[in-house]
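Q: Structure in structure tokens, see below.
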Amino acid sequence: IQSKLPNVGTTIFTTMSQLAVQTGAINLSQGFPDFDGPQALREAVGHHVMAGHNQYSPMTGLPALREQIARKIARSYGRQVDMDEEITITPGATEAIFCALQALVRPGDEVIVLDPCYDSYEPSVELAGGRCVHVPLALPDFSIDWQRLADALSPRTRLIILNSPHNPSGALLSRDELEQLARLIRGSDIYLVSDEVYEHLIYDGARHASVLAHEELYARAFVVSSFGKTYHVTGWKTGYVVAPPALSAELRKVHQFVAFCGVSPLQWALADYMAACPEHVDELPAFYQAKRDLFCDLLAGSRFTFTRAPGTYFQLADYSAIRDDLDDVEMSLWLTREHGVATIPVSVFYQSPPAGLRLVRFCFAKREETLRQAAEKLCRV
Ligand code: PMP
Ligand code: GLN
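If you read the sequence shown in UniProt numbering, its first letter stands for residue 2, the second for the next number, and so on.
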């Protein structure tokens, strides 16, 4: 077969999670919690399945859930969105991103991605006939290098993909950086996909600078989120995209032929739970910060070096004091096989990884006992 995606193989998440299972290693690789979502939320799914909410939801998503999302956006970011015209519920953020890209990217268009970036972006751009232009974030803090970004823009630039809080680094975009971006693309017809799936996983008292709270950027943006992250249910693959009416209309043209709609009983359950427990999202920062701090405090006894992640449930660590002879893929395999902790190498999120990058990513969305066991092993490395 002449492949449409010749450079795509099995994702690193599948590879490392499988290896963790095969070797019995503690899996801090692929990002998912090893604990369950709220009991009332899970019970609500059973209730709605038994109550007969098992047929298609509207293509745009269950109204009751879109209403809760609109309320949350008003509470969190002060924006009033029209739930009928601007919110579309999707089977996962990945599908939302895919549909946004198919809707906008034309053959020959360029899409700017900031490396390291999430692995689904580039294949989605390529399937639309576009080409990714990779702009590396500046080390060590993974901030935007404005000169490089400006230099990467061309008359063919259709869209820029943002991701804050950022996977894999945990870095955050500030309100000032959004402002700088607005200045940079003012007067152009460049669109944005803002991947904000970790919007509520943000620490040390910081606040999420959402594109939803930026008038000028929102006018040209698809803002994507995921219930999987916010409610500890990654396997539910339920997310949503918020965009101005004209952009939402284009996205829906694609979404209705990719999935048509999300899973109905899950949407009912999420709507109930959001209505009953709007404070869930306010409690997430403290909940995950305690995990980050526990893991980092324990890891301080190891030879890994790191600065605490400002957001997401990922912690990067530099291992150059341990095995500078190994690249990060080799290091991840070695840690999994020889030390019983599976991690994700950071270079796989790059088109051209910086020479000598010695970083691995740990997922700390784990029970305290898992984090303690993993840290104990890592302190022996
Ligand atoms: N974007 C980023 C940055 C992610 O880390 C993830 C998590 N897999 C997704 C998108 C996809 O989310 P979902 O599982 O809802 O498709
Ligand atoms: N977002 C998850 C991560 O970064 C992976 C999701 C997936 O396996 N596609 O680990």
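Even for Gly, the Cβ is constructed at its ideal location relative to N, Cα and C.
Does the separation of the CB atoms of P108 and G93 fall below 8 Å?
A: Residue 108 sits at position 107 when you count from the first residue of the sequence shown. Residue 93 sits at position 92 when you count from the first residue of the sequence shown. Contact: no.
Q: My parser needs the alpha helix (DSSP H) runs of 4 or more residues fully inside the stretch 177-223; what are they?
A: Counting only runs of 4 or more, we get 216-219.
Q: When the distance is taken between beta carbons, is G240 closer than 8 Å to T91?
A: Counting from one through the sequence shown, the residue named residue 91 turns up at place 90. Counting from one through the sequence shown, the residue named residue 240 turns up at place 239. Contact: yes.
Q: Would you call K5 buried or exposed, if buried means 16 or more other Cβ atoms sit within 10 Å of its Cβ?
A: As a first step, residue 5 is located in the sequence shown; it is residue number 4 there, counting from the start. Result: exposed.
Q: On the CB-based measure, 16 or more other CB atoms within 10 Å of its CB, does I2 come out buried or exposed?
A: Counting from 1 along the sequence shown, the entry for residue 2 is found at position 1. I2 comes out exposed.
Q: Quick check: is any heavy atom of ligand 2 less than 7 Å from the C-beta of Q290?
A: Your numbering for residue 290 matches position 289 in the sequence shown. No, Cβ of Q290 sits at least 7 Å from all heavy atoms of ligand 2.
Q: Whose CA, out of A21, P354 and W269, lies closest to the CA of F143?
A: Along the sequence shown, one-based indexing puts residue 143 at 142. Among A21, P354 and W269, the Cα nearest to that of F143 is on P354.
Q: Beta carbon of F315, beta carbon of N164: below 8 Å?
A: For the purposes of this step, residue 315 is taken as the residue at position 314 of the sequence shown. For the purposes of this step, residue 164 is taken as the residue at position 163 of the sequence shown. No, they are not a contact pair.
Q: With burial defined as no fewer than 16 other Cβ atoms inside 10 Å of the residue's Cβ, what is the status of T15: buried or exposed?
A: Residue numbering aside, residue 15 sits at position 14 when the sequence shown is read from its first letter. Answer is exposed; the Cβ neighbour count stays below 16.
Q: Measure the Cβ-Cβ separation of V342 and L334 and say whether it is below 8 Å.
A: The count along the sequence shown starts at 1 and reaches residue 342 at position 341. The count along the sequence shown starts at 1 and reaches residue 334 at position 333. Result no, Cβ atoms of V342 and L334 do not sit closer than 8 Å.
Q: Just to confirm my understanding: we take L115, look at its own chain, exclude 5 residues before and 5 after, and list those with CB closer than 6 Å. What are they?
A: Here residue 115 corresponds to residue number 114 of the sequence shown, with the count starting at 1. Excluding sequence neighbours, L115 sits near V136 and L138.
Q: Hey, is A222 close to ligand 1, as in C-beta under 7 Å from one of its heavy atoms?
A: Residue mapping note: residue 222 aligns to position 221 of the sequence shown, counting from 1. Not so, every heavy atom of ligand 1 lies at least 7 Å from the Cβ.
Q: Does the beta carbon of N28 fall short of 7 Å from some heavy atom of ligand 2?
A: Residue 28 sits at position 27 when you count from the first residue of the sequence shown. Answer for N28: no, Cβ out of range of ligand 2.
Q: Within a Cβ cutoff of 8 Å, which residues of the same chain sit near V282, ignoring the five residues on either side of it in sequence?
A: Against the sequence shown, residue 282 aligns to sequence position 281. Cβ within range, chain order: K73, S77, H201 and T231.
Q: The beta strand (DSSP E) spanning Y241 covers which residue range?
A: For this step, residue 241 is matched to residue 240 along the sequence shown. First-last of the beta strand (DSSP E) with Y241: G240 to V243.
Q: Using 7 Å as the cut-off, classify the Cβ of V198 as near or not near the heavy atoms of ligand 1, replying yes or no.
A: Locating residue 198 in the sequence shown gives position 197, where the first residue counts as 1. Checking the Cβ of V198 against ligand 1 gives yes.
Q: Which residue comes first and which comes last in the alpha helix (DSSP H) that contains I145?
A: In the sequence shown, counting from the first residue as 1, residue 145 sits at position 144. Here I145 belongs to no alpha helix (DSSP H), and DSSP marks it neither H nor E.
Q: Alpha carbon to alpha carbon, how far is R80 from V349? Give it in angstroms, no decimals.
A: Residue mapping note: residue 349 aligns to position 348 of the sequence shown, counting from 1. Residue mapping note: residue 80 aligns to position 79 of the sequence shown, counting from 1. Straight-line Cα distance between these residues: approximately 36 Å.
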